[in-house]
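Notes follow once the structure below has been shown.
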Amino acid sequence: KTKHIPVIAVTAQAMLGDKERFIKAGCNGYISKPMDVEVLLTEIGKFLKN
1 KTKHIPVIAV TAQAMLGDKE RFIKAGCNGY ISKPMDVEVL LTEIGKFLKN
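With full-length UniProt numbering, letter number 12 in the sequence shown gets 12, and the count goes up by one each step, no holes.
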């Protein structure tokens with residue numbers, strides 16, 4: 001029932017390879033902290049277009 005709900009990881013883990021690890025774990029998007037509002041809105045916008 002919930003497979004269509006996108007998951008965006010918001011994390012302080014921002015080392016090389018962390019984004020790929022989150023995507024591989026099933027997240028649809030990734031934002032590292034400290035978070036920029038424009039980056040957040042862009043990432044959310046990717047899923048609202050669908």
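We put the beta carbon where it would ideally sit given N, CA and C, even for glycine.
- Annotation: L48 to A12 spans about 24 Å, alpha carbon to alpha carbon.
- Exclusion of the five residues before and after N28 leaves P6, V7, I8 and F47 as the residues of its chain whose Cβ lies within less than 8 Å of its Cβ.
- Annotated three-state conformation of V7 is coil, per DSSP.
- Counting the other Cβ atoms within 10 Å of the Cβ of I31 gives 16 or more, which makes it buried.
- E38 and D18 have their alpha carbons spaced roughly 21 Å apart.
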